[in-house]
Every structure is written in C-alpha cells, then in structure tokens.
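*Asks:* Protein chains in written order, with the numbering used here: chain P, 1 to 427; chain F, 428 to 547. The beta-carbon is built from N, C-alpha and C at its ideal position, and this holds for glycine as well. This structure is a prediction, so every number in the text was calculated from the model and none was measured.
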Amino acid sequence: MSPPAAKSAWGRLVSALDGLDEPVVVLVEDSRPVHLNPAGAALTGLDPGELPGDLAGIASALPGRAGEAELIVLTAQHLDAALTTPEEHAESRRQLNQAQAVARIGSWTADMIERRVEFSDEQYRLYGLEPQSRHVDIHTFLSLIHPEDRAAMAAAADRAALKGEPFKLEHRLADAGSDVEWIEARCEPVLSRGRVVRMVGTCMDITERKRHEESLQASLAEVRASRIRIVSAADEERRRVERDLHDGAQQRLVSLTMALRVARTQLDEQAHPAVLATLEEISEELQMALAELRDLARGIHPAMLTERGLAPALESLVLRSPLPARVVACPDRRLPASLEIAIYYLAAEALTNAIKHAHASRVTISVSAEDNHVVVEVCDDGEGGARIAAGTGLRGLSDRVAALDGRLSIHSPPGAGTTLTAELPCE
Amino acid sequence: MRETVVIVDDNEAFRERTRTLLDAEGYRVIGEAGDGAGGLRLLQELRPDLALLDVQLPDTDGFTLAERAGTPDGATSIIIISTREATDYASSVTRCGALGFISKSDLCDRTLREILDGVR
Numbered sequence: 001m002s003p004p005a006a007k008s009a010w011g012r013l014v015s016a017l018d019g020l021d022e023p024v025v026v027l028v029e030d031s032r033p034v035h036l037n038p039a040g041a042a043l044t045g046l047d048p049g050e051l052p053g054d055l056a057g058i059a060s061a062l063p064g065r066a067g068e069a070e071l072i073v074l075t076a077q078h079l080d081a082a083l084t085t086p087e088e089h090a091e092s093r094r095q096l097n098q099a100q101a102v103a104r105i106g107s108w109t110a111d112m113i114e115r116r117v118e119f120s121d122e123q124y125r126l127y128g129l130e131p132q133s134r135h136v137d138i139h140t141f142l143s144l145i146h147p148e149d150r151a152a153m154a155a156a157a158d159r160a161a162l163k164g165e166p167f168k169l170e171h172r173l174a175d176a177g178s179d180v181e182w183i184e185a186r187c188e189p190v191l192s193r194g195r196v197v198r199m200v201g202t203c204m205d206i207t208e209r210k211r212h213e214e215s216l217q218a219s220l221a222e223v224r225a226s227r228i229r230i231v232s233a234a235d236e237e238r239r240r241v242e243r244d245l246h247d248g249a250q251q252r253l254v255s256l257t258m259a260l261r262v263a264r265t266q267l268d269e270q271a272h273p274a275v276l277a278t279l280e281e282i283s284e285e286l287q288m289a290l291a292e293l294r295d296l297a298r299g300i301h302p303a304m305l306t307e308r309g310l311a312p313a314l315e316s317l318v319l320r321s322p323l324p325a326r327v328v329a330c331p332d333r334r335l336p337a338s339l340e341i342a343i344y345y346l347a348a349e350a351l352t353n354a355i356k357h358a359h360a361s362r363v364t365i366s367v368s369a370e371d372n373h374v375v376v377e378v379c380d381d382g383e384g385g386a387r388i389a390a391g392t393g394l395r396g397l398s399d400r401v402a403a404l405d406g407r408l409s410i411h412s413p414p415g416a417g418t419t420l421t422a423e424l425p426c427e
Numbered sequence: 428m429r430e431t432v433v434i435v436d437d438n439e440a441f442r443e444r445t446r447t448l449l450d451a452e453g454y455r456v457i458g459e460a461g462d463g464a465g466g467l468r469l470l471q472e473l474r475p476d477l478a479l480l481d482v483q484l485p486d487t488d489g490f491t492l493a494e495r496a497g498t499p500d501g502a503t504s505i506i507i508i509s510t511r512e513a514t515d516y517a518s519s520v521t522r523c524g525a526l527g528f529i530s531k532s533d534l535c536d537r538t539l540r541e542i543l544d545g546v547r
C-alpha cells in the first residue's frame, strides 16, 4: 500500500496523528479505515491492527450515546507517484486528438461549478471552427446549431444541467457550408451529492449515416409503390379475364340454351319423342356447363364487386354460403377498388376456412369505416387453432393487406372459434 | 292470348332469340329496345303487360330503369333478367319494384309463369 516514495509522507502523517490527544481514524478513497491513532483505540477499544472494513464498524464501537463521544474521521487520497509525467501527458493528449480526428468524434467537458466549457480540437472542427479558436459556452454552442433544432438541444441541455438527465440528440449545423451536416451529440452529467458538478459529452459526424437512411427510405417507398402496382395489375388482369368469360363463353352458352328452347317449340313432340329426349339431355348438360363456367368466373374475380360494390357482393357471398353467414355491418358507399377487393377476398377466404377447416356453424362478417381506416372482422364459432402460415390462403391475404399498408391479425384459440381482423388505411 | 311483352337488352341476338321463343310460347312481343332511354320510352308509350329488363344496359342498369318505369297501378309487370344468377342480386330486385328475377339461361314459359302467377 505504501510505495517507497510515499512512505515518508505517510509515515509523517501517521506520526503527527498518533501524537494527538483527539481520537482520529483515517479512511482512504474507498472508505476503508486504514489507521486508528492510540487516542482512537483507547476510545473505541478496537485493536489498531485489526480494524473493521468500513466506517460503520468503527462507529458501532463508540461508547455511550450520541454527543458523548467524538471521533475525527480523516479521508485521504493516495496519489500514485508513477502517474504520467508532463511529457507522457502531452503524448497521451496528442493520441486522443488524433483518434478523434480519425473517427470524426469530438469531446467536451463543462465544469458546472467554475462555469467553464472546454472543447477538444475535433469538437471545434466538427462545428466548423478552427481548433481552440474561440471561447465557447452554451450560447455560442446553440448558435452553431440549425435554428430548427435549437429548441430541442436547449431543452435537453437544461434537463441535463438541472436534473442530471443524460441525452443523445441528432441535430443539423447552422452553417451548411462544410461537408458535415448532421451531428449526434451525447451528454453524461456527473453528479455529486445530488448536484450536477460536471457534464461530459461527445459529438459524432453522422452525415453519411443520415444520407444512407434517407436513401433507404426512398427505396422503401419505391418498393411499396411497386408492390401496390403489381397487385393492382394482377387484379385488373383477372377482371379482364372474367369480363371476357362473361361476354364471350357465358353469353354463347346462354344463347345456345335459348336456341335449344326455340328448337323444342318447333318440334312436333308426338312425332319425334327420341329427338325430344336428346334435346332434353343437351339442355341439361348445357345448364351444367353454364353453372361450371359461372363458378369459374366467380373464382377468378367477383364481378358483382366491380359492378355494384362491397355490400351487394358480400350479400351475394353469404347467400351462396353452405354455412349460415351474415353481414352484420357494411358501408353503403363505394371504397377504393383495391380496398374493396382486399376486403372481399378476406371475407371469402375466412368463410372458406370456416367451412372447410373450422367445422363452424355460424359466421359473421363486419365491415366498418372509421375516420381514416376500415376495420374488417370475420368471426366463426368453429374449432379455432388457425394461423397465418405460409401455404395457407391467409398468407397471401396478409401480403395483400401489407401491400395496402394495413394489418392482418388472427385470434384463434383452440376450441374457441376464430376471429380474423384487418385494419386498412382509407382516405 | 298471353301477355304483351317489351324486351330491353343491349344484345341483339338475345332479343331475337327471346322474341322467337316467346312468340312460339304464345306471348306477343310488341317492342324491343337496346338501351335504357329507348326502353323507358317504349314502356311509357306501349304500356305492355310484361317488361323484361336486362341488368346491364349501356346507359343505365335494369334496377334504375325498373324504378323509373314502374307504374303506380302496376299495369306493367317488370322482370329483371341477367346472365348472372339471382343470388348475385338478392335484395336489389325487390327494392326496385320488380316482380322477380330470371336468369337468362332459365328464361322460358314455365319460369315466366311462376313469377307472373305468383308462385315464386
């Protein structure tokens, strides 16, 4: 504990204390008692060679009540003589400056008691100033910051100085001349006995990081837009196919059906029973072909949705459902096409799942338009246990909803039914 | 003699076939129109017993036309027709004041009678 150079200084202190009539105990920096003079030993009855580990142990050995016995406590700091020489100190400082310059990080300290602020060389440079070129305080600092970011910085600095709250803040420079545009400023207040005595901080040039962020945001926006375009293009294609089917093949089959009916009226039924029978067969098969084509067309695109809107389309959906299904709410007004399609497919898919997997007995569909979004809820009273997993129709729906910046969630506890909820933004 | 009929549908071939069929079944087709405006005129001038209105017309839809052409005394029975099925249109049919709906592929004397004689 006592290096040779310090031995004499320490020894002299101990001798001086031992000669006092007043009881004295010496603590070093980490609150450990290291010396009890003879007067103190006599008062406490403690053995100077075996002192307790902390001040509390000494205090508990004091006799009598408060105010009856007095013990002086001396706190000493032992400065290591092997600390840096002035030359080593300068070299260390130079290396720090160099590291800061390379990393484009500046540092500063503010002594709150002596009201003094110090900037490192790099700190000056970051803010567009020559190193150590001028005196800095909170006012000059704020003037270097972009006007729009000043209020936030001032508020953060206040909170740090008064309440000891550390902060990390991004801000722009007032002078956009240099290549430094964005800075991340950090501050750590140092407290002593509940008061902020010092603040230390670093500032880092984050201009490049910010540029990357902006570029990323732009890319993301482009991806979002293209995603919607792709979905819309696919929907438009399906609409076209359905229309072609309807206007083409379906009309033709209807026409054939009618022609067949005309043929039957032209036939002398008594005279040609075999022909009549054949015509009946043809008629039945035509009806089946027509029904199949209708189902196919409907699977490709719900024409009712485009022609007449969401409410009639959902009504049609539940009417055709083998399971009792009900639309409990649906806005009358038309919504954007992409939204109507997403909602319709959601309802159709949920209904299909309720029928095929959940063994439900009842399904309700609810569509409500709030201020700036639409909420769709489809509930069934089936088995539950459904998930939005890859390979299920719900995954594709989830993608479609995400492309519209919406959210799809599912609540399907086993044995307790399934509720599919989607929130979609809507102007 | 059976009812007088006006057919409103933009598909000419369909109108022709329907006319042939209905004539053969004893109905009298007294007018044809290919759009809503023409259809409205015919219905108001001719006042047929029966009007067959297609849902999809170039200038309007069958439901709107039915509402406009509907006579207070119910002199003209209006039936909506379409390539699509009844379930696609559900409540719209009753709301517009039409007597009923027939899918084109089902159009024949029997289905017409079902509606006209009130069986449906």
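When DSSP labels each residue in this structure, what does residue 509 of chain F get in the three-state scheme?
*Replies:* Residue 509 of chain F falls in the strand class under three-state DSSP.
*Asks:* Using the DSSP secondary-structure output, state which residues sit across from residue 182 of chain P in a beta bridge.
*Replies:* Looking at the DSSP assignment, residue 182 of chain P forms a beta bridge with P:172.
*Asks:* Quick one: using the 10 Å Cβ neighbour count with 16 as the cut-off for buried, is residue 278 of chain P buried or exposed?
*Replies:* The residue is exposed, with fewer than 16 neighbouring Cβ atoms inside 10 Å.
*Asks:* Would you list the one or two residues that DSSP bridges to residue 187 of chain P?
*Replies:* DSSP lists P:167, P:201 as partners of residue 187 of chain P.
*Asks:* Does DSSP put residue 65 of chain P in a helix, in a strand, or in coil?
*Replies:* Residue 65 of chain P falls in the coil class under three-state DSSP.
*Asks:* Mind checking whether residue 180 of chain P and residue 173 of chain P have CB atoms under 8 angstroms apart?
*Replies:* Yes, these two residues count as a Cβ contact at 8 angstroms.
*Asks:* Can you tell me whether residue 442 of chain F is buried or exposed? The criterion is at least 16 other CB atoms within 10 Å of its CB, across all chains shown.
*Replies:* Answer is buried; the Cβ neighbour count reaches 16.
*Asks:* Just reading off the beta strand (DSSP E) that residue 35 of chain P is part of, what are its end residues?
*Replies:* That run of the beta strand (DSSP E) goes 33–36.
*Asks:* When you check each C-beta in the segment 236–269 of chain P against every C-beta of chain F, which residues fall closer than 8 angstroms?
*Replies:* Within the segment 236–269 of chain P, the residues whose Cβ lies closer than 8 angstroms to some Cβ of chain F are 246, 250, 251, 253, 254, 255, 257, 258, 259, 261, 262, 265, 266, listed in chain order.
*Asks:* Cβ of residue 427 of chain P within 8 angstroms of Cβ of residue 397 of chain P?
*Replies:* Their beta carbons are not under 8 angstroms apart, which means residue 427 of chain P does not touch residue 397 of chain P by this criterion.
*Asks:* Using the C-alpha atoms, what's the distance from residue 413 of chain P back to residue 190 of chain P?
*Replies:* The alpha-carbon atoms of residue 190 of chain P and residue 413 of chain P are separated by roughly 52 angstroms.
*Asks:* With a threshold of 8 angstroms between beta-carbons, can residue 430 of chain F be considered close to chain P, or not?
*Replies:* For residue 430 of chain F, the answer is no, since every Cβ of chain P falls outside 8 angstroms of its Cβ.
*Asks:* At a Cβ threshold of 8 angstroms, is residue 341 of chain P touching chain F?
*Replies:* Taking Cβ atoms only, chain F never reaches closer than 8 angstroms to residue 341 of chain P, which makes this a no.
*Asks:* Considering residue 273 of chain P, what are the terminal residues of the alpha helix (DSSP H) in which it resides?
*Replies:* It spans 273–300 - the alpha helix (DSSP H) in which residue 273 of chain P sits, taken as one unbroken run.
*Asks:* List, in order along the chain, the chain P residues whose C-beta lies closer than 7 angstroms to that of residue 515 of chain F?
*Replies:* Neighbours of residue 515 of chain F on chain P, chain order: 304, 316.
*Asks:* In three-state terms, what does DSSP make of residue 537 of chain F?
*Replies:* Residue 537 of chain F: helix per DSSP, three-state reduction.
*Asks:* Sorted by chain position, which residues of the same chain lie with C-beta nearer than 6 angstroms to residue 547 of chain F's C-beta, five sequence neighbours on each side aside?
*Replies:* With a pLDDT of only 40 at residue 547 of chain F, under 50, the local geometry of the prediction cannot be trusted, and no value is derived from it.
*Asks:* Hey, residue 112 of chain P and residue 161 of chain P: beta-carbon distance below 8 angstroms or not?
*Replies:* Taking 8 angstroms as the Cβ cut-off, residue 112 of chain P and residue 161 of chain P qualify as a contacting pair.
*Asks:* Looking only at DSSP bridge pairs, what is residue 108 of chain P linked to?
*Replies:* Paired residues: P:119, P:201.
*Asks:* Could you tell me which uninterrupted alpha helix (DSSP H) segments, each at least 4 residues in length, are contained entirely in the segment 334–368 of chain P, listed from first to last along the chain?
*Replies:* 337–356, all fully within the segment 334–368 of chain P.
*Asks:* Report yes or no: is there a C-beta of chain F within less than 8 angstroms of the C-beta of residue 294 of chain P?
*Replies:* Residue 294 of chain P counts as touching chain F.
*Asks:* Put residue 248 of chain P into one of helix, strand or coil per three-state DSSP.
*Replies:* It is helical.
*Asks:* Quick one: list the residues of chain P neighbouring residue 534 of chain F, beta-carbon separation under 9 angstroms, in chain order.
*Replies:* Result: 254, 257, 258, 261.
*Asks:* List the residues that DSSP assigns as beta-bridge partners of residue 374 of chain P.
*Replies:* For residue 374 of chain P, which the question treats as bridged, DSSP gives the partners P:369, P:424.
*Asks:* Whose Cβ in chain F lies nearer than 9 angstroms to the Cβ of residue 322 of chain P?
*Replies:* Those do not exist, as residue 322 of chain P stays about 12 angstroms from chain F at its closest Cβ, beyond 9 angstroms.
*Asks:* I'd like to know whether the C-beta of residue 336 of chain P is nearer than 8 angstroms to at least one C-beta of chain C.
*Replies:* This model lacks chain C altogether; the protein chains it does include are P and F.
*Asks:* How would you write the range of the alpha helix (DSSP H) that residue 58 of chain P sits in, first residue to last?
*Replies:* Residue 58 of chain P -> alpha helix (DSSP H) spans 55–59.
*Asks:* How close, in whole Å, do the beta carbons of residue 467 of chain F and residue 492 of chain F come, if the pair is a contact with beta carbons under 8 angstroms?
*Replies:* Right, the Cβ-Cβ distance comes to about 6 angstroms (below 8 angstroms), so this counts as a contact.
*Asks:* Output, in sequence order along the chain, the residues in the segment 439–451 of chain F whose CB is closer than 7 angstroms to any CB in chain P.
*Replies:* Hits within the stretch, in order: 440, 441, 444, 445, 447, 448, 451.
*Asks:* What does residue 228 of chain P pair with, by DSSP beta-bridge criteria?
*Replies:* Residue 228 of chain P pairs with nothing; no bridge assigned.
*Asks:* Measuring straight from C-alpha to C-alpha, what distance separates residue 336 of chain P and residue 229 of chain P?
*Replies:* Between residue 336 of chain P and residue 229 of chain P, the C-alpha separation is close to 14 angstroms.
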